[in-house]
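Structure, as structure tokens:
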Amino acid sequence: MALQIIPFQRSINTCYILKDKGAVLVDAGYPGCAKPFLELLAKHNIKPEEILLIIPTHGDFDHAGGAKELKELTGAKIAMHKRDKENLEQSIFHWPEGVSAWGKMSRTMLMPFVKKIGSFEPAEVDVVLDDQGMSLKEYGIDGEIIYTPGHTYGSISVILESGDAFVGCLAHNRLPFVFRPRLPIYAMDIELLKESWVKVIKLGAQTIWPGHGRSFPLEKILKYLN
Ligand SMILES: [Zn+2]
Ligand SMILES: [Zn+2]
365 MALQIIPFQR SINTCYILKD KGAVLVDAGY PGCAKPFLEL LAKHNIKPEE ILLIIPTHGD
425 FDHAGGAKEL KELTGAKIAM HKRDKENLEQ SIFHWPEGVS AWGKMSRTML MPFVKKIGSF
485 EPAEVDVVLD DQGMSLKEYG IDGEIIYTPG HTYGSISVIL ESGDAFVGCL AHNRLPFVFR
545 PRLPIYAMDI ELLKESWVKV IKLGAQTIWP GHGRSFPLEK ILKYLN
């Protein structure tokens with residue numbers, strides 16, 4: 365069976381079901397995603413229990429917040445990097461600082477609203493990743509999870525042998541953040557984030573699938589990395 369990439373769009377977030385010999389979910393969105401997730405699975409003839417692993421790219425509420433209900437729905441394990449896992453396990457609201465003028469302004473403006481919708485149920489992380497990442501072969505996916513810090517200190521990405529890279533908030537590609545593919549407007553360490561891009565490029569990434577917005581070719585982001 366050929367690799368399938370199925371975006372799971374939830375308001376401003378895009379999560380991805382990757383299905384090959386096995387199936388995994390990259391990012392879990394924010395809470396309240398159970399019903400649309402089941403509908404999407406049904407549409408693609410995937411049973412909930414076929415999802416073997418949930419991989420929140422980092423511990424922000426909009427990427428990890430839906431993990432608990434999706435874990436209960438599927439029985440999948442949750443894999444996260446050791447530096448972000450506490451956010452999910454202890455239900456800690458987290459949103460990195462703005463690194464552009466709009467990033468700083470929008471974070472201040474939206475914080476009261478986002479804090480209201482940003483609470484979520486904690487969930488236990490079953491697979492704790494260190495900086496070495498891990499292969500996804502045992503989950504039936506030809507690719508790996510790699511450590512790509514910068515947006516948060518525990519951010520990870522999934523890179524497939526096909527050249528498809530699921531990078532969470534290593535890039536943004538939609539409003540209200542940006543108009544076109546760019547580095548994220550929120551980050552804990554933007555220089556570290558650029559180093560993570562070097563890793564992603566070295567591993568042969570060609571098509572970038574961000575956590576917010578549509579996929580784009582790698583070339584579109586290169587000019588922001590110098
Ligand atoms: Zn984030
Ligand atoms: Zn986000």
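Heads up: take any position in the sequence shown, counting from 1, add 364, and you land on our numbering.
Just so it is clear, CB atoms sit at the ideal spot from N, CA and C, and this is done for glycine as well.
From a predicted model like this one, the values you see are computed outputs, not experimental measurements.
Distance CB(residue i)-CB(residue j) smaller than 9 Å
{"i": "tyrosine 550", "j": "isoleucine 481", "result": "no"}
{"i": "alanine 406", "j": "glutamate 453", "result": "no"}
{"i": "histidine 408", "j": "lysine 383", "result": "yes"}
{"i": "aspartate 332", "j": "isoleucine 419", "result": "Here the chain covers residues 365 to 590 and nothing more, so residue 332 does not appear."}
{"i": "proline 371", "j": "arginine 447", "result": "no"}
{"i": "glycine 497", "j": "isoleucine 520", "result": "yes"}
{"i": "proline 548", "j": "valine 463", "result": "yes"}
{"i": "isoleucine 376", "j": "leucine 404", "result": "no"}
{"i": "glycine 467", "j": "phenylalanine 541", "result": "yes"}
{"i": "serine 483", "j": "phenylalanine 425", "result": "yes"}
{"i": "arginine 546", "j": "threonine 378", "result": "no"}
Three-state secondary structure (DSSP) of residue i
{"i": "serine 511", "result": "It is worth fixing the name first, because residue 511 is tyrosine in this sequence and not serine. Looking at tyrosine 511 - three-state DSSP - the assignment turns out to be strand."}
{"i": "tyrosine 503", "result": "helix"}
{"i": "aspartate 528", "result": "strand"}
{"i": "arginine 544", "result": "coil"}
{"i": "histidine 445", "result": "strand"}
{"i": "threonine 421", "result": "coil"}
{"i": "lysine 383", "result": "strand"}
{"i": "glycine 597", "result": "Residue 597 lies beyond the range of the chain shown here (365 to 590); nothing can be said about it."}
{"i": "isoleucine 572", "result": "strand"}
{"i": "phenylalanine 457", "result": "coil"}
{"i": "proline 371", "result": "strand"}
Identity of the residue in the options nearest residue i by Cα
{"i": "alanine 529", "options": "Arg538, Leu582, Pro548", "result": "Leu582"}
{"i": "threonine 438", "options": "Phe425, Arg447, Leu416", "result": "Leu416"}
{"i": "isoleucine 553", "options": "Gly497, Pro460, Asn377, Arg578", "result": "Reading the sequence as shown, one finds aspartate at residue 553 and not isoleucine. The shortest C-alpha separation from aspartate 553 is found at Pro460."}
{"i": "histidine 427", "options": "Thr516, Gly504, Glu508", "result": "Thr516"}
{"i": "asparagine 345", "options": "Ile520, Lys566, Ile572", "result": "The question about residue 345 has no answer, for the chain in this structure spans 365 to 590."}
{"i": "arginine 544", "options": "His576, Val489, Ala440", "result": "His576"}
{"i": "valine 489", "options": "Glu525, Asp506, Gly430", "result": "Gly430"}
{"i": "cysteine 533", "options": "Pro400, Asp506, Ile585", "result": "Ile585"}
{"i": "lysine 566", "options": "Ile523, Thr378, Asn590, Leu474", "result": "Ile523"}
{"i": "glycine 396", "options": "Gly518, Ala569, Gln373", "result": "Gln373"}
{"i": "lysine 385", "options": "Gly568, Gly518, Lys501", "result": "Lys501"}
Nearest-angstrom beta carbon gap, residue j and residue i [assumed within contact, 8 Å]
{"i": "alanine 387", "j": "glutamate 433", "result": "No, alanine 387 and glutamate 433 are not in contact; Cβ-Cβ is about 18 Å, not under 8 Å."}
{"i": "isoleucine 509", "j": "alanine 443", "result": "7 Å"}
{"i": "valine 531", "j": "valine 491", "result": "Incorrect: roughly 19 Å between the Cβ atoms, too far for contact."}
{"i": "leucine 493", "j": "histidine 445", "result": "5 Å"}
{"i": "serine 526", "j": "leucine 389", "result": "Serine 526 to leucine 389, Cβ: 17 Å. No contact."}
{"i": "alanine 535", "j": "proline 476", "result": "Not really, about 27 Å apart at Cβ, beyond 8 Å."}
{"i": "leucine 539", "j": "lysine 558", "result": "Wrong, their Cβ atoms sit about 23 Å apart, outside the cutoff."}
{"i": "glutamate 436", "j": "serine 455", "result": "Wrong, their Cβ atoms sit about 15 Å apart, outside the cutoff."}
Residue-level contact to chain C via CB, residue i, 9 Å cutoff
{"i": "aspartate 424", "result": "The displayed structure is made up of one protein chain only, and chain C is not part of it."}
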